[in-house]
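**Student:** If you're matching them up, the sequences are chains F and D in order. Basically our numbering = 1-based index in the first sequence + 5. Basically our numbering = 1-based index in the second sequence + 5. We put the CB at the ideal spot given by N, CA and C, even for glycine. All figures in this text were calculated on a predicted structure; none of them were measured in a lab.
2 protein chains.
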Amino acid sequence: MARDEIEIGALASLVGYHLRRAASAFLTDFTAAMDGSGLRQVTFAILSMVAENRGTNQGAIGRILSIQRANMVALIDELVEKGLIERAVDRTDRRAFSLTLTPAGEAALVDARKRIDAHERRMLAEFSPKERAKLAELLARIERRDPIASEDKAEG
Amino acid sequence: MARDEIEIGALASLVGYHLRRAASAFLTDFTAAMDGSGLRQVTFAILSMVAENRGTNQGAIGRILSIQRANMVALIDELVEKGLIERAVDRTDRRAFSLTLTPAGEAALVDARKRIDAHERRMLAEFSPKERAKLAELLARIERRDPIASEDKAEG
DNA sequence: TATTGTTATACTCTATAACTATA
DNA sequence: TATAGTTATAGAGTATAACAATA
Chain F
6 MARDEIEIGA LASLVGYHLR RAASAFLTDF TAAMDGSGLR QVTFAILSMV
56 AENRGTNQGA IGRILSIQRA NMVALIDELV EKGLIERAVD RTDRRAFSLT
106 LTPAGEAALV DARKRIDAHE RRMLAEFSPK ERAKLAELLA RIERRDPIAS
156 EDKAEG
Chain D
6 MARDEIEIGA LASLVGYHLR RAASAFLTDF TAAMDGSGLR QVTFAILSMV
56 AENRGTNQGA IGRILSIQRA NMVALIDELV EKGLIERAVD RTDRRAFSLT
106 LTPAGEAALV DARKRIDAHE RRMLAEFSPK ERAKLAELLA RIERRDPIAS
156 EDKAEG
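#1: So with CB distances below 7 Å, who are the chain D contacts of F/T61?
#2: When the Cα atoms are used, what is the spatial distance from D/V115 to F/L24?
#3: Please confirm whether F/I69 and D/A27 have their CB atoms less than 7 Å apart.
#4: What in chain F is Cβ-close to D/M128, meaning under 8 Å?
#5: Quick one: is F/A154 near chain D, going by C-beta distance under 7 Å?
#6: What is the rounded straight-line gap between the Cα of D/A38 and the Cα of D/P134?
#7: What is the DSSP secondary structure of D/F102, counted as helix, strand or coil?
#8: On the three-pair Cβ rule with 8 Å, is the segment 120-130 of chain D touching the segment 33-51 of chain D?
#9: Let me check one thing: in DSSP terms, what residues is F/E86 bridge-paired to?
#10: Does D/G240 have its Cβ less than 7 Å from a Cβ in chain F?
#11: Using a C-beta to C-beta distance shorter than 7 Å, which residues of chain D count as neighbours of F/M39?
#12: How do the segment 85-92 of chain F and the segment 101-110 of chain F stand: do at least 3 beta-carbon pairs fall below 8 Å, yes or no?
#13: For the alpha helix (DSSP H) containing D/L140, name the first residue and the last one.
#14: What separation, rounded to the nearest whole angstrom, lies between the Cα atoms of F/T105 and F/G60?
#15: Can you list, in chain order, the residues of its chain with a C-beta nearer than 7 Å to that of D/N62? Leave out the 5 residues immediately preceding and following it.
#16: By the DSSP assignment, the alpha helix (DSSP H) with F/G67 in it spans what residues?
#17: Here's the rule I'm using: 16 or more other beta-carbon atoms within 10 Å means buried, otherwise exposed. How should D/S53 be labelled?
#18: May I ask you to report which of helix, strand or coil DSSP gives F/R92?
#19: Is there a Cβ from chain F that is less than 7 Å from the Cβ of D/F102?
#20: Around the Cβ of D/V78, are there at least 16 other Cβ atoms within 10 angstroms (buried) or fewer (exposed)?
#21: What residues from chain F crowd round D/Q46, counting only those whose CB sits closer than 8 Å?
#22: Please report the distance separating the alpha-carbon of F/I13 from that of D/G67.
#23: Just to confirm, are D/V20 and F/A30 a CB contact at a threshold of 7 Å?
#24: Given F/V85, which residues of its chain have a CB within under 8 Å of its CB, disregarding the five upstream and five downstream residues?
#25: Under three-state DSSP, which class holds D/A126?
#26: Less than 7 Å between CB atoms is the rule here; does F/A65 satisfy it with respect to chain D?
#27: Determine the extent of the alpha helix (DSSP H) in which F/S29 is found, giving its start and end residues.
#28: So, are the CB atoms of F/S42 and F/A117 less than 7 Å apart?
#29: Starting from D/Q46, trace the alpha helix (DSSP H) in both directions and tell me its first and last residue.
#30: Compare the C-alpha of F/M128 against each of D/A75, D/L144, D/R137 and name the closest.
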C-alpha cells in the first residue's frame with residue numbers, strides 16, 4: 006500500500022463536500038439496515054407518505070419528495086407488486102389513483118421504522134439530543150432554499 | 006392542481022431524510038453554478054485533490070474520495086482529455102501514474118473555486134458564520150462513522 | 001501473492017419527451 | 001388547455017469480476 010498521507014485540503018471547507026459524504030454514509034448504513042426488508046430509501050419514504058396521507062395520488066407524493074411523475078410509476082408498481090400498497094381509481098378524479106396501505110404495508114412500515122430508528126441511533130451515537138436537533142434544523146433550512154434555476158434560467 | 010396539503014410527517018424526524026434532501030439541493034445548485042465549466046462535483050473534487058497532492062496516483066485519490074479504482078479510469082481520462090491534468094509514469098512505481106495539473110488545470114481550478122464559493126454563499130445565505138461552521142463540524146463527524154458493514158456482515 | 005491501472009458489465013438513479021385519458 | 005398516469009429512453013452514478021504489468 007503506497008503512502009496515502011494525502012490531504013483533502015480545500016475540500017474540507019466546503020459544506021457541500023461534507024453533505025455529500027455524510028449523505029453517502031447514511032445511505033450505505035440505511036441500505037444495510039434494510040437488508041431483507043425489500044425497501045430502499047425512496048420506497049420507504051413513499052410508503053411512509055402513503056401511510057400518513059391515505060388516499061392521495063402518486064403525483065402529489067412525488068411532488069413532495071421531488072420524484073418525477075415518470076419515475077413514480079415503477080416505484081408504485083414495485084410497492085403494489087410487493088403487496089404493500091393498493092391503487093384504486095380516485096372517486097373525484099378518474100385520471101388519478103387513490104393510494105392506501107395494505108395490512109402487509111402497515112406491518113412493513115412498523116418493521117422499517119424499527120430498523121431505521123436503530124440505524125439513526127447508530128449513525129448519531131456520538132451526538133447529544135441537542136446536536137441531533139440542531140443538525141436536523143440546519144439541514145431543513147437548506148432544503149427550503151431555492152436553487153439558482155429559479156433566478157436566472159431565462160437565458161441560454 | 007389537486008390539493009397538495011400533504012405532510013411529510015414521520016420523515017421530518019429523520020436526519021437521513023434531511024441529509025438526502027439537503028445534499029440533493031446542493032448538487033442541483035452546484036451543477037447550475039458549474040454550467041459551462043466542464044466540471045462536476047466529482048471531477049472538481051479530483052482536480053482539487055491533484056492540485057494539493059501533486060504527484061499522487063489515481064488509486065490514492067480514489068481511496069480518499071471513496072471512488073472505485075475502476076471508476077477512476079474514465080474520470081481521469083476525462084480530465085486528461087480536457088487538458089486539465091497530466092499522467093506521467095511514477096518514478097518509484099512503474100505501475101502507477103503520477104498526476105499533476107496543467108496550467109489550464111490551474112486556471113480551471115481558480116475559476117471553479119470562484120463559482121463554488123458563490124454557490125456555497127448562496128446556499129448558506131441565511132446561515133451565520135457560526136452556524137455554517139457548526140454544520141460542517143457535525144457533518145464531518147458523521148463521515149467518520151463506520152457503516153454497519155464493519156460490525157456484523159459475517160452472517161448471510 | 002498483492003497492488004495499479006484497465007476493460008467490461010450491470011444495476012440504480014435521475015431527467016426528458018411524447019403519448020392517453022380524463023378534467 | 002392543463003393534469004394524472006404512462007412508456008421509452010438516455011445519461012449519470014456506483015458496484016463487481018477479471019485481466020496485464022509491476023511490485
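**Tutor:** In terms of the structure at hand:
#1: Chain D residues near F/T61: I11.
#2: 22 Å
#3: no
#4: By Cβ distance, chain F contributes V20, G21, I147, R150.
#5: The predicted position of F/A154 is uncertain, since its pLDDT is 40 and thus under 50; no value can be drawn from it.
#6: 22 Å
#7: The answer is strand: DSSP assigns D/F102 an E or B state.
#8: yes
#9: F/E86 pairs with nothing; no bridge assigned.
#10: Chain D is shown from 6 up to 161; residue 240 of chain D falls before or after that span and cannot be answered.
#11: Simply none; closest approach about 10 Å.
#12: yes
#13: 134-148
#14: 6 Å
#15: In its chain, beyond the 5 residues on either side, D95, A101, F102, S103, L104 have a beta carbon closer than 7 Å to the beta carbon of D/N62.
#16: Per DSSP, F/G67 is one residue of the alpha helix (DSSP H) stretching across 63-70.
#17: It counts as buried.
#18: strand
#19: no
#20: exposed
#21: G21, R25
#22: 12 Å
#23: no
#24: Hits under 8 Å: E91, R92.
#25: In the sequence as presented, Ala is not what sits at residue 126 of chain D; that position holds Arg. Helix, per DSSP.
#26: yes
#27: 20-38
#28: yes
#29: D/Q46 -> alpha helix (DSSP H) spans 46-57.
#30: D/L144
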